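Beneath this line is the structure, given in structure tokens, with notes to follow.
Numbering (this note's numbering), first residue to last: 101 to 266.
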């Protein structure tokens, strides 16, 4: 079997490498990640992971893995910010609050698809305007759901997490 990683995310490659898995090939599916009207965060995350995996054409000897992560503040979906201003709004809304980080993994072999969701509860401490500005200046928020990644520079913003760190 040849493993196909359906993601252009360096973080996804790092996670696989940590468990000794190196994909045979990386293919980045191009899907519309716009939430549907009144869509709940868990259903959204599952739908996007499934869309990504369905977008990949596989040979019989290939197996693919895709994932999607979203941040949920109540029923509100905080995806990847489109610009610095949106990242600032996301961080302001998360500052001092608990939220959920939802990851859905989809695996496809031939025409069979299986999905698994992991929901982690996260607390972000109160951020000062200066902390936000310094963080936003780094650009680390780009391409990350909710405008931050717990494994990166924003780790100091998170006093506790219940669930999966990755």
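In this text, a Cβ means the ideal position worked out from N, Cα and C, and glycines have one as well. No experiment lies behind these values; they were computed from the predicted model shown.
If we ignore side chains and look at the alpha-carbon of each, how far apart do residue i and residue j end up?
{"i": "residue 134", "j": "residue 122", "result": "30 Å"}
{"i": "residue 211", "j": "residue 196", "result": "44 Å"}
{"i": "residue 154", "j": "residue 215", "result": "12 Å"}
{"i": "residue 263", "j": "residue 106", "result": "24 Å"}
{"i": "residue 258", "j": "residue 159", "result": "42 Å"}
{"i": "residue 245", "j": "residue 104", "result": "23 Å"}
{"i": "residue 102", "j": "residue 161", "result": "6 Å"}
{"i": "residue 127", "j": "residue 157", "result": "10 Å"}
{"i": "residue 230", "j": "residue 208", "result": "44 Å"}
{"i": "residue 118", "j": "residue 171", "result": "23 Å"}
{"i": "residue 236", "j": "residue 187", "result": "8 Å"}
{"i": "residue 116", "j": "residue 110", "result": "10 Å"}
{"i": "residue 254", "j": "residue 213", "result": "33 Å"}
{"i": "residue 141", "j": "residue 124", "result": "31 Å"}
{"i": "residue 185", "j": "residue 232", "result": "11 Å"}
{"i": "residue 175", "j": "residue 217", "result": "17 Å"}
{"i": "residue 260", "j": "residue 114", "result": "22 Å"}
{"i": "residue 193", "j": "residue 219", "result": "19 Å"}
Run through the DSSP bridge pairs and tell me what residue i is partnered with.
{"i": "residue 171", "result": "178 and 201"}
{"i": "residue 166", "result": "206"}
{"i": "residue 215", "result": "206"}
{"i": "residue 131", "result": "DSSP lists no partner for residue 131."}
{"i": "residue 222", "result": "199 and 261"}
Taking only three categories from DSSP, how would you classify residue i?
{"i": "residue 194", "result": "helix"}
{"i": "residue 125", "result": "strand"}
{"i": "residue 102", "result": "strand"}
{"i": "residue 188", "result": "helix"}
{"i": "residue 137", "result": "coil"}
{"i": "residue 156", "result": "coil"}
{"i": "residue 150", "result": "helix"}
Tell me the start and end of each unbroken beta strand (DSSP E) in the stretch 224-261 that is at least 3 residues and wholly inside, in chain order.
none
Check whether the stretch 219-235 and the stretch 159-170 touch, using three or more Cβ-Cβ pairs below 8 Å as the test.
no
Touch test, the stretch 180-198 against the stretch 237-245, Cβ-Cβ under 8 Å, three pairs minimum
yes
Is there contact between the stretch 200-208 and the stretch 134-149, where contact requires at least three CB pairs shorter than 8 Å?
yes
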